[in-house]
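Its first residue numbered 651, the sequence shown is counted upward by one per residue in the working numbering.
By construction, the Cβ of each residue, glycine as well, lies at the ideal position given by its N, Cα and C atoms.
Quick caveat: nothing in here was measured; it's all calculated off a predicted structure.
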Amino acid sequence: QVQLVESGGGWVQPGGSLRLSCAASGFICSAYPMSWYRQAPGKERDLVASISSGGGSTKYADSMKGRFTISRDNAKKTVYLQMNSLKPEDTAVYYCRVLKNNYDYWGQGTQVTVSS
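Have a look at this one:
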């Protein structure tokens, strides 16, 4: 079965960096675009970044451009989100997502907290 397992979250001070990982299993990861979303308390889940199946094309939400970088290693079946210059408003649970056969699969999420 499809599984997505996020890791790498934690607490960081403003201006700091974190790298999130999403380990995929149960499907041919290299055949599908992948995305990162985030959800802050009391808010909707929003798209952070997405990457094409081969990794050659990426897209970002406007507030993340220049600070976040999505990448993937299909040999390791892992998608990454490098987050730099973190701000308190980046505090959220970050989720990995894949749309496969018209069905949404999500990981369990990893908490990122940015505060001083």
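- In the DSSP annotation of this structure, the continuous segment of the beta strand (DSSP E) that includes R688 starts and ends at 684-689.
- Relative to the Cα of T728, the nearest Cα in the group Q651, P683, Y753, S667 belongs to P683.
- Within the DSSP bridge table, the entry for G660 names V762 as partners.
- Taking the Cα of K737 as reference, the smallest distance to any Cα among R669, A674, G665 is reached at G665.
- DSSP lists Y753 as the bridge partner or partners of K750.
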